[in-house]
Amino acid sequence: MRRVELKRNAARGRVLINLPLTILANIQLDCSSIMEIDARERLRQHFLNNRSPERWDELWKDGSFLPWDRGTPNPALIDTLDSKWSTIGPALKQDGSRRKALVPGCGKGYDVYLFAAYGFDAFGLEVGNAVEAAKKFAPEADTRDEYKARDENVGKGKVEFVQGDFYAKDWETSCHLDGNSGFDVIYDYTFLCAMPPNLRPAWSKRMTELLAPGGTLICLEFPLYKEASLGGPPWAMRAETYEMLLPFPGEEPEYDENGYVIKQERPPNPNGLTRIARWHAERSHPVGQGTDHVSLWKHREAA
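Residues are numbered in the numbering used here as their position in the sequence shown, beginning at 1, plus a constant of 727.
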């Protein structure tokens, strides 16, 4: 495969990486694209020798380098909530109470405020300093059109930000979950791809635990254009990554010599999720435009 070499410019502190031409076909290498590549390499270097959650907290505390922060909810999520309403379900239950939405790794909470605008009681889960950044965004969110109630008859849900470890359970009480009720909607965009591959089985197990029996997991699959050999975060994703994780919670997938998950035929795990829809996102953030896909997942008995 032919490659285009982008070299290090030490004087400018720029680190650029090798990209195959098949990827360059989907990326316009203007100044913004080059800056995007720089940012990904800088982020990878930040986690090179230490992948602990505290390293994310350090970035949030400093606040000067947040390359995943796009400033707005992803247009693909807006389109999903608009077009897949019958699948996801209404924000209000028959008794008038609100269904709950969870955004793990929510950042400043752009997507959390969006779910609230659609009427859900929305919860964002993050590490310490990110929670503070999300709370500080609240006054601005109140003034932005995309966060106005989408249906005046439904109104807006509440927004809460919770500090905690996704893989622990102590934060769940802060979300007012009743017993094993779980969340009615969970949204993953840049959360799974931020996890080192060894945490993927735990991610899939936790998602199945947190999703309510009739709930929907929305996965905005990203970055599908990236090569696994480039490392992360963000770590390269493929459709097979989700296909071999969510139906088989807690199970380690097999990888090929290039670092990609191998799709295999296995007996279904009764505790796993099943994919009910997948499509190419017509709109997304520029970094994933043209390659991002959206998939919807439910418990097997609810599919």
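In this text, a Cβ means the ideal position worked out from N, Cα and C, and glycines have one as well.
- Secondary structure at W898: coil, using DSSP grouped into helix, strand and coil.
- Distances from the CA of Y987 to each of P995, F888, E954 and L919 were compared; the closest alpha carbon is that of E954.
- Looking only at A766, T799 and A803, the smallest Cα-Cα distance to G1015 is reached by A803.
- Assignment of A921 by DSSP, reduced to helix, strand and coil, places it in the helix class.
- Remark: three or more beta-carbon pairs, one from each stretch, lie closer than 8 Å, so the stretch 936-948 and the stretch 907-914 are flagged as touching.
- In the DSSP secondary-structure assignment, D915 is bridged to C946.
- In this model, K1025 and L1000 are separated by some 5 Å (Cα to Cα).
- Contact between P995 and P974 is confirmed by a C-beta separation of about 6 Å, below the 8 Å threshold.
- A843 counts as buried, since at least 16 other C-beta atoms from the protein chains shown sit within 10 angstroms of its C-beta.
- Secondary structure of W1024 (DSSP, three-state): strand.
- Sequence-distant Cβ neighbours of A861 in its own chain, meaning closer than 8 Å and more than five residues away, are C833, G834, K835, G836, V839, G851, E853 and F888.
- A residue is called buried when at least 16 other Cβ atoms come within 10 angstroms of its Cβ; N880 does not meet this threshold and is exposed.
- CA-CA distance, A828 to P950, rounds to 23 Å.
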